[in-house]
């Protein structure tokens, strides 16, 4: 393993519903995915290191590849969708990563996978009109989306709080061609849960109140 981590830009493209496909359909979907990515990214495809994840591809670009160029290209995937019905969840992040003989490891890379598996991203793609839904990290949004390619519509990115396993981060949801749905989902995902009533607790989805050692409420086990 390298003694020090190296800066990189990360992207994960994951096929929706891959596990429901037959073996033959999975092979066709993977072929279509790789063809889609290589065609859309052009020269950037040859400059990234890739790890196959079965239903997904992890792509890592070193620091000498301009990050704004990477982000702009990945955000244009919807413009070059293949004829085969294929829908992708895409997460974008940047940070430091270690590399050893088995692959890559690091907290920033873990965060990228958490973004890709976020419930709000899955929900956004499920009924989206287009073939791609994105979740970009706060770092990518702050450093690239707000100041990058003028073709990127800043208003089409919506803040959302992502909570998954040990990760709690701010990210930005983007669904090309279905911005209204993205805005609604992001607003719902970021809405705080109501606190329990004063003086009470919440058990099994019910509000109960404890007063003078007496408990008012049901469903207590």
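In my numbering, the protein residues as written are 20 to 240. We treat Cβ as the ideally placed atom computed from N, Cα and C, and that holds for glycine. All figures in this text were calculated on a predicted structure; none of them were measured in a lab.
Query                                                                                                                          : Result
Residue 65 - DSSP class collapsed to helix/strand/coil                                                                         : helix
Own chain, CB closer than 8 Å to residue 122, minus 5 neighbours either side, in chain order                                   : 70
Burial state of residue 206, where buried means 16 or more other Cβ atoms lie within 10 Å                                      : exposed
Within 7 Å, strictly: CB atoms of residue 110 and residue 31                                                                   : yes
For residue 163, three-class secondary structure by DSSP                                                                       : helix
Residue closest to residue 104, alpha-carbon to alpha-carbon, out of 51, 133, 72 and 94                                        : 51
Residue 86 versus residue 128: straight-line alpha-carbon distance, rounded                                                    : 16 Å
Buried or exposed by the 16-neighbour rule on C-beta atoms within 10 Å, applied to residue 19                                  : Because the chain here runs from 20 to 240, residue 19 falls outside it and cannot be looked at.
Straight-line Cα distance separating residue 161 from residue 15                                                               : Outside the modelled stretch of the chain, which goes from 20 to 240, sits residue 15, for which no answer is possible.
Cut-off 6 Å between Cβ atoms - residues of its own chain near residue 55, not counting five sequence neighbours on either side : 101
Those runs of the beta strand (DSSP E) which lie wholly inside the stretch 127–160 and span at least 3 residues                : 151–156
Residue 59 and residue 108 closer than 7 Å at C-beta                                                                           : no
Counterpart residues of residue 113 in DSSP-defined beta bridges                                                               : 28
Opposing strand residues paired with residue 122 [DSSP bridges]                                                                : 119
Contact belief for residue 192 with residue 139 at Cβ below 8 Å, rounded distance in angstroms                                 : 6 Å
Length of the line joining the Cα atoms of residue 137 and residue 188                                                         : 11 Å
Neighbourhood of residue 240 by C-beta, 6 Å cutoff - its chain only, sequence neighbours within 5 removed                      : Per-residue confidence for residue 240 stands at a pLDDT of 43, beneath the threshold of 50, marking its modelled position as unreliable; no derived number is given.
Coarse secondary structure for residue 204, derived from DSSP in three states                                                  : helix
When 90, 154, 64 and 168 are compared against residue 33, the one with the closest alpha-carbon                                : 154
Option in 88, 63 and 99 with minimal Cα separation from residue 241                                                            : The question about residue 241 has no answer here: the residues shown for the chain are numbered 20 through 240.
Closest by C-alpha distance to residue 24, when choosing among 67, 38, 40 and 81                                               : 81
For residue 112 and residue 133, the rounded distance between their alpha carbons                                              : 11 Å
CB contact flag (residue 148, residue 196, <7 Å)                                                                               : yes
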